[in-house]
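Protein chains in written order, with this note's numbering: chain U, 4 to 218; chain L, 65 to 555.
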């Protein structure tokens, strides 16, 4: 659902990934700039919003955390329906969590096609010494599925800002391409009509009423 | 409407304005000439009677069924009896409603456009009347609201009227097609507001909420749980499923909420109330608000227990638990209704949408729940499901699972009181001992003093002569060396 008007967008982004890869820390760091903090005021970290301004375009970002436990895996489609972007998080010290990401990618591509912008995120780079997923492997994989790869540390606040900014830019692009493909006529004719507002009013009313009852 | 116009004549007797019951307050035609208080009483009486009748009928049906069943199969387990009773009652209720209300209108709808009038005169009573009062109230509010939008406001009202008329003729269509119409309508209106009238996003959202409220209050009775769908069947299936899962404990779901903390159990109760309340709302948006309220209570419960913000896992687990505990009525119907008729922009991206999605997830999880999802062995799961054993019976406390919380709490409190009593007794006996000790001690001291006094009786001797200089007795003073003199050193 790219926003209307051309200048303001609202995007839905889902966070996917296994239980303890740090999804919650990642969003809390991004939206509250806090990590494991006793002073976190927000009641929950499952649904967070962020307003951005990217090159004059207003973006409302709604970040949906998803339940990552294995037993909830089947519920994925209910969560990621209609989302514009997906952030797939794995823990660089946990090979298994990277495998899970691969499964998610397959599923997302199958269900949503190329409409959705994918980000693969290796979190916990502050634990570089215990790395079990090679940078090479992860990046090659990401490229092969048309996703972007990022390295982040929620603990040290590394790479997170870039991740979300990049994702937003890509989603705006996708939305604009989409808009053009659907025929950009609607918004332009809207602005053109502004001048002759009142005279144009009456016939418009009836036609729209008719369109309503017919469809 | 017609009632009102009749009474708008010139000759209005004072007594006609007063409450029919003669309590002295003014009556109101909308309340059949009663004042608000008397009307409530009347209405309550009528309702009670209705409930009583329904109950009697249900009981009679159940008795009949029991007899029929007993004669065909002999005795039956107590539990399944209660199930069938409930279901019987529910289907019975529904079919009654259908025969008395819906079928009546169903027949009349072919008669044409006078339907609205017939509705107002419907014989079946107070509930209907209430609904139409609410509809009127919503209409008035809507018109008031639109006045703040000036010209677009008039336009919106016209569009809504046209839409409602169109929907009236589409009642025979499938619910999916009707839903499509509603969604198209929302989209058209929203686009118009945005593009033609340049309404700001905040104002647009408000207007869309009001439009939804207005049209859905009117459409509710035709499109909520319509007879043409399986919704009701699914409702019953979910209800039954949840009842069959009564043995699931918070531990199995890993619910991050500790109900032993009074504030937390308070929050849990509130969350359950909210989710049950959802069914009573007519507007999709209001239903969503109930889910959001419920979610916030859940977050509070988690926050109090764990003192950290809840993640999606925490939230979903707790929501599943709340749904299992609350068994909200007509869950599927409500979800379907919201999905079909809620303003899509709210459902897709907003906070409400997120909580609603989680509720859908919770229901999907409950429907598919198996041994693995609770970390149980298949044997255990089957045994619990068949009601052979209950995991709660293995707990140290021998409470049966259905003892109510109040009774449990009472026993806990009694326990505490008896402990307190014991401690009190100990304190009293200690205090007495202390008192005795104190008395003994005073006596002892007195005795000792007495002894000493006796041993060393007080004798008063004559006063000694005054002493001379302190060192007068030092005989050898003269032989001491002279005191040291201070010496001055040069430099």
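For glycine and all other residues, C-beta sits at the position ideal for the given N, C-alpha and C.
Where do the N-terminal and C-terminal ends of the alpha helix (DSSP H) with residue 246 of chain L fall, by residue? Position 182 of the second chain holds residue 246 of chain L. That run of the alpha helix (DSSP H) goes 239 to 255.
Within chain L, the residues that residue 68 of chain U reaches when beta carbons sit closer than 7 Å: In the first chain, counting from the first residue as 1, residue 68 of chain U sits at position 65. Result: 375 and 376.
Determine the DSSP secondary structure at residue 158 of chain U, reduced to helix, strand or coil. The sequence position of residue 158 of chain U within the first chain is 155, counting from 1. Of the three classes helix, strand and coil, the one that applies to residue 158 of chain U here is coil, per DSSP.
Which residues in chain L sit within 7 Å of residue 53 of chain U, going by Cβ to Cβ distance? Numbered from 1 along the first chain, position 50 holds the residue referred to as residue 53 of chain U. In chain order: nothing, as chain L lies at least about 13 Å away.
Looking at C-beta atoms only, is the number of pairs between the region 288 to 298 of chain L and the region 394 to 409 of chain L that lie closer than 8 Å three or more? yes
Relative to the C-alpha of residue 205 of chain L, which candidate in L/104, L/276 and L/261 has its C-alpha closest? Numbered from 1 along the second chain, position 141 holds the residue referred to as residue 205 of chain L. Of the listed residues, the one whose Cα sits closest to residue 205 of chain L is L/276.
Whole angstroms are fine: how far does the CA of residue 181 of chain U sit from the CA of residue 307 of chain L? Your numbering for residue 307 of chain L matches position 243 in the second chain. Your numbering for residue 181 of chain U matches position 178 in the first chain. C-alpha separation (whole angstroms): 47 Å.
I'd like to know if residue 82 of chain U contacts chain L, where contact means its C-beta is closer than 9 Å to some C-beta of that chain. Against the first chain, residue 82 of chain U aligns to sequence position 79. With 9 Å as the cut-off, residue 82 of chain U counts as an interface residue toward chain L.
Can you tell me whether residue 189 of chain U is buried or exposed? The criterion is at least 16 other CB atoms within 10 Å of its CB, across all chains shown. The sequence position of residue 189 of chain U within the first chain is 186, counting from 1. Because the pLDDT at residue 189 of chain U is just 45, under 50, the model does not fix this residue reliably, and the point stays unresolved.
Three-way DSSP call (helix, strand, coil) for residue 84 of chain U in this model: Along the first chain, read from residue 1 onward, the residue named residue 84 of chain U stands at position 81. Three-state DSSP puts residue 84 of chain U in coil, outside helix and strand.
Spell out whether any CB of chain L is found under 9 Å from the CB atom of residue 177 of chain U. Stepping through the first chain from its first residue, residue 177 of chain U is reached at position 174. Chain L, which has no Cβ nearer than 9 Å to the Cβ of residue 177 of chain U, makes this no.
Taking only the alpha-carbon atoms, compute the straight-line gap between residue 502 of chain L and residue 314 of chain L and give it to the nearest angstrom. Your numbering for residue 502 of chain L matches position 438 in the second chain. Your numbering for residue 314 of chain L matches position 250 in the second chain. Rounded to whole angstroms, residue 502 of chain L to residue 314 of chain L spans 56 Å at the Cα level.
Take every Cβ of the region 231 to 241 of chain L, pair it with every Cβ of the region 317 to 329 of chain L, and state whether three or more of those distances are shorter than 8 Å. no
Cα-Cα, which of L/344, L/329 and L/554 is closest to residue 39 of chain L? Coverage of chain L is limited to positions 65 through 555, which leaves residue 39 of chain L absent and any answer about it impossible.
For residue 20 of chain U, go through chain L and note every residue whose CB falls closer than 9 Å to its CB, in chain order. Sequence index remark: in the first chain, residue 20 of chain U carries index 17 (1-based). None at all; the shortest Cβ gap to chain L is about 11 Å.
For residue 51 of chain U, the three-state DSSP class (helix, strand or coil): As a first step, residue 51 of chain U is located in the first chain; it is residue number 48 there, counting from the start. Residue 51 of chain U falls in the strand class under three-state DSSP.
Closest Cβ-Cβ distance between residue 221 of chain L and chain U: below 9 Å? If you number the second chain from 1, residue 221 of chain L lands on position 157. Not closer than 9 Å to any Cβ of chain U, the Cβ of residue 221 of chain L fails to qualify, so no.
Within 10 angstroms of the Cβ of residue 149 of chain U, are there 16 or more other Cβ atoms? Answer buried if so, exposed if not. Indexing the first chain from 1 puts residue 149 of chain U at position 146. Counting Cβ neighbours within 10 Å, residue 149 of chain U comes out exposed, since fewer than 16 surround it.
Can you give me the start and stop residues for the beta strand (DSSP E) that residue 125 of chain U sits inside? For the purposes of this step, residue 125 of chain U is taken as the residue at position 122 of the first chain. Its beta strand (DSSP E) spans residues 120 to 126.
Assign residue 153 of chain U to one of two classes, buried (16 or more other C-beta atoms within 10 Å of its C-beta) or exposed (fewer than that). On the first chain, residue 153 of chain U is found 150 positions in, with the first residue counted as 1. Classification for residue 153 of chain U: buried.
With 9 Å set as the bound, which would you pick, yes or no: does the beta-carbon of residue 11 of chain U sit closer than that to a beta-carbon of chain L? The residue given as residue 11 of chain U occupies position 8 in the first chain. Yes - at least one Cβ of chain L is within 9 Å of the one on residue 11 of chain U.
Beta-bridge partners of residue 152 of chain U, as assigned by DSSP: Taking the first chain and counting its residues from 1, one reaches residue 152 of chain U at position 149. Partner(s): U/123.
Give a yes or no on whether 9 Å exceeds the smallest Cβ distance from residue 46 of chain U to chain L. As a working mapping, residue 46 of chain U is identified with position 43 in the first chain. Chain L contact via Cβ: present.
Exposure label - residue 471 of chain L; buried when at least 16 CB within 10 Å: Taking the first residue of the second chain as 1, we reach residue 471 of chain L at position 407. It counts as exposed.
Using the beta-carbon of each residue, which ones in chain L are nearer than 7 Å to residue 71 of chain U? As a position in the first chain, residue 71 of chain U is number 68, starting the count at 1. Those within 7 Å of residue 71 of chain U in chain L are 377.
Counterpart residues of residue 67 of chain U in DSSP-defined beta bridges: Translated into positions along the first chain, residue 67 of chain U becomes position 64. DSSP output for residue 67 of chain U lists U/17 and U/50 as bridge partner(s).
Using DSSP's beta-bridge definition, name the partner residues of residue 380 of chain L. Mapped onto the second chain, residue 380 of chain L falls at position 316. Note: residue 380 of chain L sits in no beta bridge, so no partner.
Specify the secondary structure class of residue 309 of chain L as computed by DSSP and reduced to three states. Within the second chain, residue 309 of chain L is the residue found at index 245, counting from 1. Coil, per DSSP.
Residue 33 of chain U (DSSP reduced to helix, strand or coil): Position 30 of the first chain, counting from 1, holds the residue named residue 33 of chain U. Here residue 33 of chain U sits in helix by DSSP.
Give the C-beta separation of residue 87 of chain U and residue 119 of chain U to the nearest angstrom, bearing in mind that I take them to be a contact with Cβ-Cβ under 8 Å. Within the first chain, residue 87 of chain U is the residue found at index 84, counting from 1. Within the first chain, residue 119 of chain U is the residue found at index 116, counting from 1. Yes, they are in contact, since the Cβ atoms of residue 87 of chain U and residue 119 of chain U sit about 7 Å apart, within 8 Å.
Return helix, strand or coil for residue 3 of chain U, following the three-state DSSP convention. Lying outside 4 to 218, the shown extent of chain U, residue 3 of chain U is not represented and no answer is given.
So for residue 429 of chain L, helix, strand or coil by DSSP? Working through the second chain from its first residue, we reach residue 429 of chain L at position 365. Helix at residue 429 of chain L.
Rounded separation between residue 133 of chain L and residue 115 of chain L - CA only: Within the second chain, numbered from 1, the residue matching residue 133 of chain L stands at position 69. Within the second chain, numbered from 1, the residue matching residue 115 of chain L stands at position 51. Each residue's Cα considered, the two are about 26 Å apart.
Ignore the nearest five residues each way along the sequence and tell me which others in residue 159 of chain L's own chain have a CB closer than 7 Å to its CB. Taking the first residue of the second chain as position 1, residue 159 of chain L is located at position 95. Note on residue 159 of chain L: pLDDT 47, under 50, position unreliable in the model; the coordinate value appears next. Result list for residue 159 of chain L: empty, nothing under 7 Å.
Under 9 Å between C-beta atoms, does residue 111 of chain U make it to chain L? Start at 1 with the first residue of the first chain, and residue 111 of chain U comes out as number 108. Chain L contact via Cβ: absent.
Given that a residue counts as buried once 16 or more other Cβ atoms are within 10 Å of its Cβ, and exposed if not, what is residue 510 of chain L? In the second chain, residue 510 of chain L corresponds to position 446, counting from 1. Classification for residue 510 of chain L: exposed.
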